[in-house]
Amino acid sequence: MPDSSSLPQRLRRDRAAVAAAGVLTLIVLLAIAGPWLSPWPYDVIDFDSDWGAAPGLAGGHWLGTDELGRDLFARSCYGGRISLLVGLAATLVSLLIGVAYGAVAGYIGGRLDALMMRAVDVLYALPFMFFVILLTVFFGRHILLIFLAIGAVNWLDMARIVRGQTMSLRRREFVDAAIVSGAGTAAIIRRHIVPNLLGVVVVYATLSVPQVILVESFLSFLGLGVQEPATSWGALVSDGAHAMETTPWALVVPATFLALTLLCLNFLGDALRDALDPKSG
Amino acid sequence: MLNHAFKRLLGAVPTLLLLITLAFFLMRAAPGGPFDRERALPPQIEAALQADYHLDQPLWRQYLGYLGGLAHGDLGPSFQYTGFSVAELIASGAPVSFRLGASAMILAVLLGGLLGCLAALRRNSAFDRALMALAMLGISVPNYVVAPLLILLFAICLGWLPAGGWSSHGIGDAGLPVLALALPQIAVIARLMRASMIETLSANFIRTARAKGLPMHLIVWRHALRPAALPVLSYLGPAAAGIVTGSVVIEQVFGIPGIGRYFVQAALNRDYTLVLGVVIFYGALIILFNFLVDLLYGTLDPRMRLG
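Structure, rendered in structure tokens:
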């Protein structure tokens with residue numbers, strides 16, 4: 002007996018997903034409002050405090066300062082803005098490419114589909130992290146380039162999923178009706194196929210955001226991503242790792258933010274996928 | 013079987029060629045040259061350098077020349093480590109990286125497989141739930157966060173293991189890097205193994221084995237393990253890619269003199285040929301590994317032999 006309750010109802014029953022959504026909201030709010038809440042800006046050195054002050058209420062450094070005396074709370078929130086922004090922007094890029102590519106391949110089918118999917122298979126086998134590194138090495142370390150590069154390589158999953166979904170949509174009556182009423186191929190894909198893909202696309206976008214954040218922080222950790230004085234969680238973890246013997250909190254604070262965000266996004270994505278999956282109802 | 017192998021090889025070769033071609037032309041499309049310095053070089057020296065590295069030839073000849081060199085394992089000279097060829101640099105780091113990667117891979121398969129089986133056998137128990145929550149944590153927390161935290165805990169706070177360095181013998185200094193490299197893969201493999209073991213245990217032939225009175229451990233060992241291991245096997249390709257990628261970070265964090273360290277240095281110094289060479293080497297390695305996994309899959313799963 003399939004579950005007839007709506008998607009939000011099913012999601013609300015999954016306590017892990019609810020908790021994950023709550024924590025995630027909190028982190029997003031902190032990333033947005035944190036830099037204003039903090040008495041210290043993210044890029045200013047507090048010469049009055051000890052460099053590398055431990056967390057505490059004194060001096061307004063709630064989570065301590067890093068080796069250079071910069072406020073960790075403000076830096077973590079600011080880094081969160083960058084990490085989350087890159088995650089969302091690159092996911093959007095991969096979404097646009099992936100949906101267009103997958104919908105065209107799936108709807109038109111035949112030889113074109115075979116060719117397009119063969120190309121995806123070949124690209125899929127490439128070590129994609131190294132390609133992003135190549136791009137940053139050859140074209141400079143600009144944040145715009147980073148998420149364009151990530152998005153441009155990350156669309157493959159989306160294209161595959163969208164294609165599969167489109168192939169089953171193609172045989173539905175409303176598509177026949179559109180064909181009979183004289184709509185062109187492009188119009189059918191745009192007006193009838195793409196809107197119906199939304200559910201699946203949202204789920205995989207949720208799963209793609211943590212992947213992108215991982216890639217960005219990987220690059221930043223190696224020093225190839227976001228450049229000073231701007232920062233991201235990956236860059237902060239890297240800084241913290243260099244100074245962990247004297248200021249362990251400089252590692253633990255951003256690492257916690259990063260890990261918590263990724264964990265919540267993964268939990269949420271899994272729960273969304275289960276909730277949408279008719280088999281698990 | 014041979015037919016199957018041949019078909020797979022036909023798939024792998026274009027991928028490798030595409031990788032090389034894309035990487036090569038990306039490098040040439042990049043703005044700025046490898047000899048750009050703060051102070052412009054005298055034109056004669058610039059021209060001599062260009063000629064020395066064959067940069068004065070038309071692009072297609074450079075490309076064909078590079079491909080020809082690759083066929084003999086020649087990846088060209090390094091732009092930054094003068095006097096060394098890229099192939100020499102890779103060869104000097106390869107044994108260390110290989111030991112690190114292979115140990116992590118073996119650990120991931122054995123431990124991940126074991127934990128996955130145990131969780132499947134005690135499905136929905138507290139052990140299972142705790143393990144799966146941990147696995148989710150392992151998937152979510154990347155290598156480069158785990159590695160420094162492990163150092164902080166085991167090397168700095170507890171002082172059990174060295175924080176870095178690498179010697180050619182002993183497992184003391186290899187313990188933390190291998191563990192940090194393997195953890196995410198252990199988590200994924202445990203999840204895969206659990207899911208496929210649960211599915212296999214509900215199959216009819218397991219019911220038959222149970223009905224004839226075999227004890228559970230023998231059922232798992234003799235009947236369930238092989239079919240249940242197939243999804244894990246097909247994950248080994250991506251796992252290898254993950255370990256290769258992860259080793260770049262792990263070598264950096266622990267100060268291990270492998271290929272990954274050269275790679276990061278090269279990327280930071282914009283040593284074009286070395287970056288290109290390592291990407292091609294890593295790419296070829298991953299493609300080769302995928303090919304081997306495909307072959308192994310064919311031998312382990314009789315259904316694949318007909319296809």
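Protein chains in written order, with our numbering: chain A, 2 to 282; chain B, 13 to 319. Virtual Cβ for every residue (Gly too), placed ideally from N, Cα, C.
Inter-residue CB distance, V287 (chain B) and L135 (chain A) (contact presumed, cutoff 8 Å): Residue 287 (chain B) sits at position 275 when you count from the first residue of the second sequence. Residue 135 (chain A) sits at position 134 when you count from the first residue of the first sequence. Contact holds; Cβ gap of about 6 Å.
Chain-ordered neighbours of A35 (chain B) on chain A, where CB pairs are closer than 7 Å: By 1-based counting over the second sequence, the position of residue 35 (chain B) is 23. Going along chain A in sequence order, the residues near A35 (chain B) (Cβ under 7 Å) are L135.
Within chain A, partners of L67 (chain B) - CB distance below 7 Å: As a first step, residue 67 (chain B) is located in the second sequence; it is residue number 55 there, counting from the start. Near L67 (chain B) there are no residues of chain A at all, since even the closest Cβ is about 15 Å away, more than 7 Å.
Buried or exposed by the 16-neighbour rule on C-beta atoms within 10 Å, applied to I217 (chain A): As a first step, residue 217 (chain A) must be located in the first sequence, where it is residue number 216. With the sequence shown as reference, residue 217 (chain A) is identified as Glu, and Ile is not the correct amino acid for it. Label assigned to E217 (chain A): buried.
A145 (chain B) versus R112 (chain A): straight-line alpha-carbon distance, rounded: Locating residue 145 (chain B) in the second sequence gives position 133, counting from the first residue. Locating residue 112 (chain A) in the first sequence gives position 111, counting from the first residue. If you take the alpha carbons of A145 (chain B) and R112 (chain A), they lie about 44 Å apart.
Residue from A:E246, A:S239, A:I194, A:G235 with nearest C-alpha to P211 (chain A): As a first step, residue 211 (chain A) must be located in the first sequence, where it is residue number 210. Closest option to P211 (chain A), Cα to Cα, is A:G235.
Run of the alpha helix (DSSP H) containing V265 (chain A), from where it starts to where it stops: Start at 1 with the first residue of the first sequence, and residue 265 (chain A) comes out as number 264. Checking the sequence shown, residue 265 (chain A) turns out to be Cys, not Val. Counting along the chain, the alpha helix (DSSP H) containing C265 (chain A) begins and ends at 250-277.
Other residues of its chain near T167 (chain A): CB distance less than 6 Å, five sequence neighbours each side excluded: One-based indexing of the first sequence puts residue 167 (chain A) at position 166. Non-local C-beta neighbours of T167 (chain A) in its own chain, meaning closer than 6 Å and more than five positions away in sequence, comprise A104, G107, Y108, I194, ordered along the chain.
Member of B:F18, B:A296, B:V261 whose CA lies at the smallest distance from the CA of N155 (chain B): Residue 155 (chain B) sits at position 143 when you count from the first residue of the second sequence. Comparing C-alpha distances from N155 (chain B) to each of B:F18, B:A296, B:V261 shows the shortest one belongs to B:V261.
Strand pairing of P89 (chain B), partner residues [DSSP]: Your numbering for residue 89 (chain B) matches position 77 in the second sequence. B:S97.
Check whether A132 (chain B) and R206 (chain B) have beta carbons under 7 Å apart: Here the question's residue 132 (chain B) lines up with position 120 in the second sequence. Here the question's residue 206 (chain B) lines up with position 194 in the second sequence. With respect to R206 (chain B), A132 (chain B) sits close: the two C-beta atoms are nearer than 7 Å.
DSSP state of D306 (chain B) mapped onto helix, strand, coil: Taking the second sequence and counting its residues from 1, one reaches residue 306 (chain B) at position 294. In the structure shown, D306 (chain B) sits in a helix (DSSP, three-state: H, G or I).
Any 3 or more C-beta pairs closer than 8 Å across the region 77-87 of chain A and the region 166-180 of chain A: Between the region 77-87 of chain A and the region 166-180 of chain A there are fewer than three C-beta pairs closer than 8 Å, too few to call the two in contact.
Close Cβ partners of P36 (chain A) (< 8 Å) along its chain, the five nearest in sequence each way excluded: By 1-based counting over the first sequence, the position of residue 36 (chain A) is 35. Excluding residues within five positions, the ones whose Cβ falls inside 8 Å are P42, Y43, A75, C78, Y79, R82.
C-alpha gap between A150 (chain A) and L230 (chain B), whole angstroms: Taking the first sequence and counting its residues from 1, one reaches residue 150 (chain A) at position 149. Taking the second sequence and counting its residues from 1, one reaches residue 230 (chain B) at position 218. Using only the alpha carbons, I get a separation of about 50 Å.
D64 (chain B) burial status per 10 Å Cβ neighbour count (16 or more: buried): Position 52 of the second sequence, counting from 1, holds the residue named residue 64 (chain B). Note on D64 (chain B): under 16 other CB atoms within 10 angstroms of its CB, so exposed under the neighbour-count rule.
7 Å Cβ cutoff met for A91 (chain A) and V213 (chain A): For this step, residue 91 (chain A) is matched to residue 90 along the first sequence. For this step, residue 213 (chain A) is matched to residue 212 along the first sequence. Contact flag set, yes.
First through last residue of the alpha helix (DSSP H) which encompasses E217 (chain A): For the purposes of this step, residue 217 (chain A) is taken as residue 216 along the first sequence, with counting starting at 1. For E217 (chain A), the enclosing alpha helix (DSSP H) has its first and last residue at 199-223.
Neighbour flag for V201 (chain A) against chain B, beta carbons, 7 Å: Position 200 of the first sequence, counted from the first residue, corresponds to residue 201 (chain A). No, its Cβ sits nowhere closer than 7 Å to a Cβ of chain B.
F293 (chain B) and A252 (chain B) closer than 7 Å at C-beta: In the second sequence, the residue the question calls residue 293 (chain B) occupies position 281. In the second sequence, the residue the question calls residue 252 (chain B) occupies position 240. Inclusion of F293 (chain B) and A252 (chain B) in the CB contact set at 7 Å is not warranted, their separation being larger than that value.
Chain-order list of residues whose beta-carbon lies under 6 Å from that of W156 (chain A) (same chain, five-residue window excluded): Counting from 1 along the first sequence, the entry for residue 156 (chain A) is found at position 155. Within the same chain, and ignoring the five residues on either side of W156 (chain A) in sequence, the residues whose Cβ sits closer than 6 Å to its Cβ are S95, I98, G99.
Interface partners of Y294 (chain B) on chain A, CB under 8 Å: Along the second sequence, one-based indexing puts residue 294 (chain B) at 282. Correct list: P128, F131.
Residue from A:S39, A:A272, A:L89 with nearest C-alpha to R71 (chain A): In the first sequence, the residue the question calls residue 71 (chain A) occupies position 70. Of the candidates A:S39, A:A272, A:L89, the one whose C-alpha sits nearest the C-alpha of R71 (chain A) is A:S39.
Min CB distance N267 (chain A) to chain B below 7 Å: Locating residue 267 (chain A) in the first sequence gives position 266, counting from the first residue. By this cut-off, N267 (chain A) is an interface position.
Three-way DSSP call (helix, strand, coil) for R71 (chain A) in this model: Residue numbering aside, residue 71 (chain A) sits at position 70 when the first sequence is read from its first letter. R71 (chain A): strand per DSSP, three-state reduction.
Members of the region 234-248 of chain B that neighbour chain A once the beta carbon cut-off is set at 9 Å: Those residues of the region 234-248 of chain B that come within reach of chain A (Cβ to Cβ, closer than 9 Å) do not exist; the list is empty.
Beta carbon proximity, T285 (chain B) to chain A, threshold 7 Å: Looking up residue 285 (chain B) in the second sequence gives position 273. Nearest CB-CB separation between T285 (chain B) and chain A: not below the 7 Å threshold.
Coarse secondary structure for T66 (chain A), derived from DSSP in three states: The residue you call residue 66 (chain A) lines up with position 65 of the first sequence. Three-state result, T66 (chain A): strand.
Backbone secondary structure at R20 (chain B) - three-state DSSP: Taking the first residue of the second sequence as 1, we reach residue 20 (chain B) at position 8. DSSP places R20 (chain B) within a helical segment (H, G or I) once states are collapsed to three.
Reference L31 (chain B); option with closest CA among A:M117, A:V123, A:A21, A:A32: Walking along the second sequence from the start, residue 31 (chain B) turns up at place 19. The residue with the shortest Cα to Cα distance from L31 (chain B) is A:V123.
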